[in-house]
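Engineer: Residue numbers (our numbering), protein chains in the order written: chain X, 1 to 119; chain S, 1001 to 1114. My questions will all concern the structure given below.
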Amino acid sequence: AQTVTQSQPEMSVQEAETVTLSCTYDTSENNYYLFWYKQPPSRQMILVIRQEAYKQQNATENRFSVNFQKAAKSFSLKISDSQLGDTAMYFCASLGADAGGTSYGKLTFGQGTILTVHP
Amino acid sequence: EAGVAQSPRYKIIEKRQSVAFWCNPISGHATLYWYQQILGQGPKLLIQFQNNGVVDDSQLPKDRFSAERLKGVDSTLKIQPAKLEDSAVYLCASSLEPSGQVKFFGPGTRLTVL
């Protein structure tokens, strides 16, 4: 079983600044994937970034990076140089995987964090 | 590449009425998912199809919810009869592989039950 907790219901940041969204998780799986999804006000969910648990190096996608602390079961998302288009609900999610990295099961989502970027 | 299509975008019904949602996944995607997203919560998987077979429907309230994907392409989700607590956004998603890693979501159908 997996649980994902996002303790920040809402966050705000000024344009061009950096913001970090928090996520903690609990899982009984030996291997797993962690994700951050973005859901803009139009409601279409988009995958932002993905991390496989056995990889030590933190994933990075342009202005988006994660801080994966496996022992602490923490998976935070850092958005650098925030843009107005980053305004959205952000969901952290987890998914189990086997030792070979093949994922299985169902995505478990956190409650979400509403991020507002101010001009 | 066209995205996941859903219709209608919005639906308002009275409790005890029936409603159906339609989803057309990305072409070639064998795996299709229906999620329920209640306001203020993360999406919850209702059902997962691999082609036209059900992979996981453990969280589908089968007394009132049903879903089908007869030809392994588009899918319908039905609620009959609807309850107030069914008010939510219903998201459809698809992926190439059945691994559960969802990359492509549709815009969702917002259902309001009065």
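Cβ coordinates follow ideal geometry from the N, Cα and C atoms, glycine included.
Can you pull the chain X neighbours of residue 1042 of chain S, defined as C-beta to C-beta under 7 Å?
Structural biologist: In chain order: 91, 109, 110, 111 and 112.
Engineer: Where are the beta strand (DSSP E) runs, 3 residues long or more, that stay fully inside the segment 1032-1061 of chain S, in chain order?
Structural biologist: Segments of the beta strand (DSSP E) lying fully in the segment 1032-1061 of chain S: 1044-1050 and 1053-1056.
Engineer: Under the assumption that residue 78 of chain X contacts residue 18 of chain X (Cβ atoms under 8 Å), give the Cβ distance between them as a whole number of angstroms.
Structural biologist: 6 Å
Engineer: Determine the closest residue to residue 1034 of chain S out of S/1112, S/1114, S/1088 and S/1063, with distance taken between C-alpha atoms.
Structural biologist: S/1088
Engineer: Does any C-beta atom of chain X lie closer than 9 Å to the C-beta of residue 1089 of chain S?
Structural biologist: yes
Engineer: Figure out for me which residue from S/1041, S/1047, S/1113 and S/1064 has the closest Cα to the Cα of residue 1023 of chain S.
Structural biologist: Ranking S/1041, S/1047, S/1113 and S/1064 by Cα distance to residue 1023 of chain S puts S/1047 first.
Engineer: Is the separation between the beta-carbon of residue 108 of chain X and that of residue 93 of chain X shorter than 9 Å?
Structural biologist: yes
Engineer: Mind pulling the beta strand (DSSP E) runs of 3 or more residues that sit fully within the segment 1059-1114 of chain S?
Structural biologist: 1065-1068, 1075-1079, 1088-1095 and 1109-1113
Engineer: Name the one or two DSSP bridge partners that residue 1012 of chain S has.
Structural biologist: S/1112
Engineer: For residue 1056 of chain S and chain X, any beta-carbon pair shorter than 9 Å?
Structural biologist: yes
Engineer: So residue 32 of chain X packs on residue 97 of chain X, CB below 8 Å; how close in whole Å?
Structural biologist: 5 Å
Engineer: Which ranges would you report for the beta strand (DSSP E) in the segment 79-117 of chain X if only whole runs of at least 3 residues count?
Structural biologist: 88-97 and 103-109
Engineer: Beta carbon of residue 1032 of chain S, beta carbon of residue 1092 of chain S: below 9 Å?
Structural biologist: yes
Engineer: If you run the structure through DSSP and keep just helix, strand and coil, what is residue 50 of chain X?
Structural biologist: strand
Engineer: Listed from N- to C-terminal order along the chain, which residues in the segment 27-51 of chain X have their beta-carbon within a distance smaller than 7 Å of any beta-carbon of chain S?
Structural biologist: 33, 42, 43, 44, 45 and 47
Engineer: Given that residue 1108 of chain S touches chain X, what residues does it touch there, using C-beta distances under 7 Å?
Structural biologist: In chain order: 43.
Engineer: Taking residue 1101 of chain S as the query, report the chain X residues whose CB atoms sit under 7 Å from its CB, ordered along the chain.
Structural biologist: 33, 95 and 103
Engineer: Nearest CA to the CA of residue 1114 of chain S: which residue from S/1107, S/1082, S/1098 and S/1102?
Structural biologist: S/1082
Engineer: Taking a Cβ distance cut-off of 8 Å, strictly less, list which residues of the segment 63-92 of chain X are near chain S, in chain order.
Structural biologist: 91
Engineer: Could you list the residues in the segment 1011-1026 of chain S with a C-beta less than 7 Å from some C-beta on chain X, going in chain order?
Structural biologist: Correct list: empty, as no residue qualifies.
Engineer: Between which residues of its own chain and residue 1066 of chain S is the CB-CB distance below 6 Å, once the five residues before and five after are set aside?
Structural biologist: 1078
Engineer: Given this structure, state the Cα-to-Cα distance separating residue 1020 of chain S from residue 1063 of chain S, to the nearest angstrom.
Structural biologist: 15 Å
Engineer: Is residue 1065 of chain S close to chain X, meaning its C-beta is less than 9 Å from at least one C-beta of that chain?
Structural biologist: Not an interface residue.
Engineer: Given a cut-off of 9 Å, decide if residue 64 of chain X and residue 1101 of chain S are closer than it, judged by their beta-carbon atoms.
Structural biologist: no
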